[in-house]
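Working notes for the structure below.
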Amino acid sequence: MKLFKTGFVVLGSVGLLLLGACSGSNQAANSENKSASITETAAKTETAAKNNHSENDGHSHNQNNAQDHSEDGKGEHSHGGQVIESGQYHLEFIAEPEDDGNHLDFYLKKGEKHNTVSDAKVTAQIQLPDGSQKSLPLTYEAKEQHYHAVLSEKAAGDYKVAILSDINGEKVNGRFTFKR
C-alpha cells in the first residue's frame, strides 16, 4: 500500500513536470509571436509616418492622406502617428523635428465615422527632456483638419506630452511621447 502511494505521488509529479514543460514552450512561442507582431506594427507605423510627411515642413499637406485606411479594414483614418481611442473619440498625435523646433500635429475625431472635431480648445502640456514643463495651445487648421503648433525647444531627448482637449465642456485627454 505504501509502495502504491509512493508510485502514485511520483507518477503525479512527473505528469505535472511534463505538463509544465509543454505549456512553458507554448508560452515562449506565444511570447515570440507577440513580440514579432509588436515589432512589425511599430515598423509599419514608422513607415506610414515617413510616407505621410513632406520633406519641406515635416507634415502632410496632401488631402489624399486623410483618405488612408488602417489595416484593420474598419475604414479608420490614420496619419501615421500615435493613436488613442478614448470613448467615442479618436486622438492621433504626430511630432516632427524641424530646424526651428518640433512641429506638433493633433487629429481629434469623433464617432465611428471619425468626424473631425474643429471647435475644441486644445492644449499640450509638455515635459521637456530636462524635466521642466511647458504649456502650448494648439490651433485648428481648417484646410488640413487638425490642430497644430510648433514647440521651439530643440533639446535632444524624450518629451512627454499630455494633450488636453475641451469639447464644449467635455474633457478628452491623451498622453503621448516623442524623441528628438
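Position one of the sequence shown corresponds to residue 7 (the numbering used here), numbered consecutively onward.
Using N, Cα and C, we set each Cβ at its ideal position, and we do this for glycine too.
key: Which listed residue (N121, A126, L110) has its alpha carbon closest to that of V178   = A126
ask   = For V156 versus H109, is the C-beta distance shorter than 7 Å?
value = yes
task = With distances taken Cα to Cα, identify the nearest neighbour of N174 among K160, S141, V123.
result = V123
For T129 and L144, believed in contact at Cβ under 8 Å, the rounded distance = 7 Å
request  = Inspect the beta-carbon positions of K116 and Q94 and report whether they are closer than 7 Å.
outcome  = yes
ask   = Just curious, the beta strand (DSSP E) that L170 is in, first and last residue?
value = 164-173
inquiry  = Looking at the secondary structure, which residues open and close the beta strand (DSSP E) in which R186 lies?
reply    = Note, R186: premise wrong, no beta strand (DSSP E); not H, not E.
task = Please state whether DSSP places Q69 in a helix, a strand or coil.
result = Summary for Q69: the model assigns pLDDT 33, below 50, so the residue's position carries little reliability; its value from the coordinates is reported in the next sentence. Three-state DSSP puts Q69 in a helix.
task = Between the Cα of R186 and those of E91, L97, G107, spot the shortest distance and give me the residue it belongs to.
result = G107
ask   = Taking the continuous beta strand (DSSP E) assigned at V128, which residues delimit it?
value = 127-133
key: Identified DSSP bridge partners for K115   = H96, T122
key: For H154, the first and last residue of its enclosing beta strand (DSSP E)   = 152-157
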